[in-house]
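Here the sequence shown is numbered in our numbering, starting from 1 and rising by one per residue. We treat Cβ as the ideally placed atom computed from N, Cα and C, and that holds for glycine. Quick caveat, the model's predicted, so the values are computed rather than measured. Here the structure is laid out as structure tokens; the discussion comes afterwards.
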Amino acid sequence: MQVPAHRRPAERTGPVVARALQILGAFTPDRRSLTLSELARHSHLPVSTAHRLASELVAWGALERDVSGCYRIGLRLWEIGSLAPRGQGLRECALPFLEDLSQVTRENVQLAVREGPEVVFVERIAGSKAVPVLTRVGGRFALTATGVGLVLLAHAPADVLEEVLARPIKRYTDRTLTTPHQLRATLADTRARGYAISDRQVTMDALSVAAPIQDAEGDVVAAVSLVVHYGSASPHALAPLVLTNARAISRALPLFG
1 MQVPAHRRPA ERTGPVVARA LQILGAFTPD RRSLTLSELA RHSHLPVSTA HRLASELVAW
61 GALERDVSGC YRIGLRLWEI GSLAPRGQGL RECALPFLED LSQVTRENVQ LAVREGPEVV
121 FVERIAGSKA VPVLTRVGGR FALTATGVGL VLLAHAPADV LEEVLARPIK RYTDRTLTTP
181 HQLRATLADT RARGYAISDR QVTMDALSVA APIQDAEGDV VAAVSLVVHY GSASPHALAP
241 LVLTNARAIS RALPLFG
């Protein structure tokens, strides 16, 4: 006889949830559609377990199956994710200002928040003259290379900074800062002048200028950046535009609290 869900041992919930999250975690920007065997392999679960959990996730709407039988992320997750206040609420508040900056410059405009030791991009608007970038909405990136990442790291708690500096720092180009000494100096400069400069640290054809967005209490909750072709403009010429945009978003935030 099946035991009702409310009478099952509580300790069973944790592992089941963890395994379901392993299933969802198997999907990446490079793995958007997976067969059952691929799903099992990337989630490190037996095929039988992966099949059972995937079926339950399909029934709930977290996963979908296409005509070939492959699994992909379902719209129900998007619906749930859109409720995250640091993502959707912030994006809705900032979007008019981001669009203004994009129209004026015709360049890439990005909005990001910090999640632990990484950047999560909440919005990106690509202008008609925009340089190609490696970031995407919903994607994660190192705090140590991008303009928004440097801003968020400069204003992060001390324990987060030390955690980031204790890890190996990924090099994207010959210009990427990869030593704690270099990063500490750059972060100090960022705090002193009020904005960050990422000069060819992610790709050799891109320059980024970023500024902090603050909530009503003055805490840095996000960052906005302008990413342009290297050599097309000086960072000091771009900084007033980005700073003005960040301040406008900061003033608007309490209205959406």
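When the distance is taken between beta carbons, is residue j closer than 8 Å to residue i?
{"i": "R200", "j": "R175", "result": "yes"}
{"i": "Y71", "j": "L101", "result": "no"}
How many angstroms separate the CA atom of residue i from the CA atom of residue j?
{"i": "E115", "j": "V137", "result": "14 Å"}
{"i": "A294", "j": "G89", "result": "Limits of the chain in this structure are 1 at one end and 257 at the other, which puts residue 294 out of reach."}
{"i": "A211", "j": "T173", "result": "23 Å"}
{"i": "G39", "j": "W78", "result": "This sequence places Leu at residue 39; Gly is not what is there. Each residue's alpha carbon lies about 20 Å from the other."}
{"i": "P180", "j": "A196", "result": "17 Å"}
{"i": "A166", "j": "V119", "result": "17 Å"}
{"i": "F27", "j": "I73", "result": "8 Å"}
{"i": "H44", "j": "P235", "result": "46 Å"}
{"i": "A158", "j": "D219", "result": "14 Å"}
{"i": "A246", "j": "L53", "result": "43 Å"}
So for residue i, helix, strand or coil by DSSP?
{"i": "Q201", "result": "coil"}
{"i": "R31", "result": "strand"}
{"i": "I169", "result": "coil"}
Looking only at its chain, what residues have a beta carbon closer than 7 Å to the beta carbon of residue i, apart from the 5 residues adjacent to it on each side?
{"i": "I249", "result": "C93, A94, F97, I213, V224"}
{"i": "I169", "result": "T144, T178"}
{"i": "H51", "result": "L36"}
{"i": "P46", "result": "A40"}
I'd like the list of long-range same chain contacts for residue i, defined as Cβ closer than 8 Å, with 5 residues on each side in sequence excluded.
{"i": "T49", "result": "R19, A40"}
{"i": "D66", "result": "S33, R72"}
Beta-carbon within less than 6 Å of residue i's beta-carbon, same chain only, minus the 5 sequence neighbours each way: which residues are those?
{"i": "E163", "result": "P117"}
{"i": "A154", "result": "L187, T190, R191"}
Three or more C-beta pairs below 8 Å linking the region 144-152 and the region 183-190: Under the three-pair Cβ rule at 8 Å, the region 144-152 counts as touching the region 183-190.
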